[in-house]
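**Student:** Residues in the sequence shown are numbered from 1 upward in steps of one, following our numbering.
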Amino acid sequence: MKNVNGKWKMEKALIVITGFMGSGKSTVARALARRLDTQLVDLDREILKQEERSAKQIIEEDGEPLFREIETRVLRDVLKNNAAGVIALGGGAWTVPGNRVLITSAGGTTVWLDAPFNLCWQRIITSDDGRPLARNEQEALDLYTERRAAYASADLHVDATGNKTADEMALKIVKALAERER
1 MKNVNGKWKM EKALIVITGF MGSGKSTVAR ALARRLDTQL VDLDREILKQ
51 EERSAKQIIE EDGEPLFREI ETRVLRDVLK NNAAGVIALG GGAWTVPGNR
101 VLITSAGGTT VWLDAPFNLC WQRIITSDDG RPLARNEQEA LDLYTERRAA
151 YASADLHVDA TGNKTADEMA LKIVKALAER ER
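Below, the structure written as structure tokens:
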């Protein structure tokens, strides 16, 4: 990554954003891709495009295990076709060991957006997305607690607390990536 005339440019870098549902992965990934002038792939949207069903529909109709298989297949396709850019994972994708191997093997740098549960929960209950794995607060909290160890294995940990905008979070990630390259 280089700073060219005040703009950050990526050179064959693959940045993968992970974190709990409601942590801001899709929004921050979009801002990051824009800031770095690179392509964005949102894994949940890619699943919708390929399967013609949302993650919610697949989980409700076929169960989470089949959804995870589909998610891994789509992730493999995305990584094969995108050597550089920003990828926003779904909340559970990074928790699957095989997916972590795929991303690492593709040379991806993973960034964990670590948002507090209360912030994630507020976003979950006010979103229109419908989260089948977080039907109530206790279920969501249990899942949040369970997934933190996997998220913590990401290459970079970015604190997503507070009222930062997506652009501010993207800049924070750019600075962390630049610092990591030194």
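Positions of the beta carbon are idealized from the N, C-alpha and C atoms, including for glycine.
Let me know the secondary structure DSSP gives Gly-108 once reduced to three states.
**Tutor:** Against the sequence shown, residue 108 aligns to sequence position 108. Three-state DSSP puts Gly-108 in coil, outside helix and strand.
**Student:** For Leu-79, tell me which candidate among Glu-139, Leu-14, Glu-69 has the shortest Cα-Cα distance.
**Tutor:** The residue given as residue 79 occupies position 79 in the sequence shown. That would be Leu-14, whose Cα lies nearest to the Cα of Leu-79.
**Student:** Which residues does DSSP list as the beta-bridge partners of Ile-17?
**Tutor:** The residue labelled residue 17 in the question sits at position 17 within the sequence shown. Partner(s): Ala-88, Val-111.
**Student:** Determine, using beta carbons only, whether Asp-155 and Thr-109 come nearer to each other than 8 Å.
**Tutor:** Here residue 155 refers to the residue found at position 155 of the sequence shown. Here residue 109 refers to the residue found at position 109 of the sequence shown. Yes, Cβ-Cβ distance for Asp-155 and Thr-109 is below 8 Å.
**Student:** Does the contact criterion of 3 or more C-beta pairs under 8 Å hold for the region 97-117 versus the region 50-59?
**Tutor:** Because the criterion of three Cβ pairs below 8 Å is not met, the region 97-117 and the region 50-59 do not touch.
**Student:** If I follow the unbroken beta strand (DSSP E) through Val-96, where does it start and stop?
**Tutor:** Residue numbering aside, residue 96 sits at position 96 when the sequence shown is read from its first letter. No beta strand (DSSP E) holds Val-96; DSSP gives it neither H nor E.
**Student:** DSSP on Asp-159, reduced to helix/strand/coil?
**Tutor:** Residue numbering aside, residue 159 sits at position 159 when the sequence shown is read from its first letter. Note: Asp-159 maps to strand in three-state DSSP.
**Student:** Quick check on the burial criterion: 16 or more other C-beta atoms within 10 angstroms. Buried or exposed for Asn-5?
**Tutor:** As a position in the sequence shown, residue 5 is number 5, starting the count at 1. With a pLDDT of 48 at Asn-5, under the threshold of 50, the predicted position of this residue should be treated as unreliable, though the coordinate-derived value follows. The residue in question, Asn-5, is exposed, as its Cβ has fewer than 16 Cβ neighbours within 10 Å.
**Student:** Assuming Ala-115 and Thr-161 form a contact by the criterion Cβ under 8 Å, report the distance between their Cβ atoms to the nearest whole angstrom.
**Tutor:** Counting from one through the sequence shown, the residue named residue 115 turns up at place 115. Counting from one through the sequence shown, the residue named residue 161 turns up at place 161. Between Thr-161 and Ala-115 the Cβ distance is about 7 Å, and since that is below 8 Å, they are a contact.
**Student:** Does DSSP put Asp-167 in a helix, a strand or coil?
**Tutor:** Along the sequence shown, one-based indexing puts residue 167 at 167. Looking at Asp-167 - three-state DSSP - the assignment turns out to be helix.
**Student:** Could you check where the beta strand (DSSP E) with Lys-42 kicks off and where it finishes?
**Tutor:** Working through the sequence shown from its first residue, we reach residue 42 at position 42. For the sequence presented, residue 42 should be read as Asp rather than Lys. Counting along the chain, the beta strand (DSSP E) containing Asp-42 begins and ends at 40-42.
**Student:** The alpha helix (DSSP H) that contains Arg-148, what's its start and end?
**Tutor:** Here the question's residue 148 lines up with position 148 in the sequence shown. Per DSSP, Arg-148 belongs to the alpha helix (DSSP H) from 137-151.
**Student:** Let me know if Glu-139 comes out buried or exposed under the rule of 16 or more other beta-carbons within 10 Å of its beta-carbon.
**Tutor:** Mapped onto the sequence shown, residue 139 falls at position 139. Answer is exposed; the Cβ neighbour count stays below 16.
**Student:** Take Ile-47 and list the residues in its own chain whose beta-carbon comes closer than 7 Å to its own, dropping the five residues that flank it on each side.
**Tutor:** Reading the sequence shown from its first residue, position 47 is the one you call residue 47. Excluding sequence neighbours, Ile-47 sits near Ala-55, Ile-70, Glu-71, Val-74.
**Student:** If you draw a straight line from the C-alpha of Ala-93 to the C-alpha of Leu-119, how long is it?
**Tutor:** The residue given as residue 93 occupies position 93 in the sequence shown. The residue given as residue 119 occupies position 119 in the sequence shown. Approximately 20 Å, taken between the alpha carbons.
**Student:** Where does Pro-116 sit, in a helix, a strand or coil, going by DSSP?
**Tutor:** Within the sequence shown, the letter at position 116 stands for residue 116. Pro-116: coil per DSSP, three-state reduction.
**Student:** Closest by CA to Gly-90, which one among Ala-106, Ser-105, Glu-64, Asn-81?
**Tutor:** As a working note, residue 90 is residue 90 in the sequence shown. Of the listed residues, the one whose Cα sits closest to Gly-90 is Glu-64.
**Student:** From Leu-43 to Arg-148, what does the alpha carbon distance come to, in whole angstroms?
**Tutor:** As a working mapping, residue 43 is identified with position 43 in the sequence shown. As a working mapping, residue 148 is identified with position 148 in the sequence shown. For Leu-43 and Arg-148, the distance between alpha carbons rounds to 20 Å.
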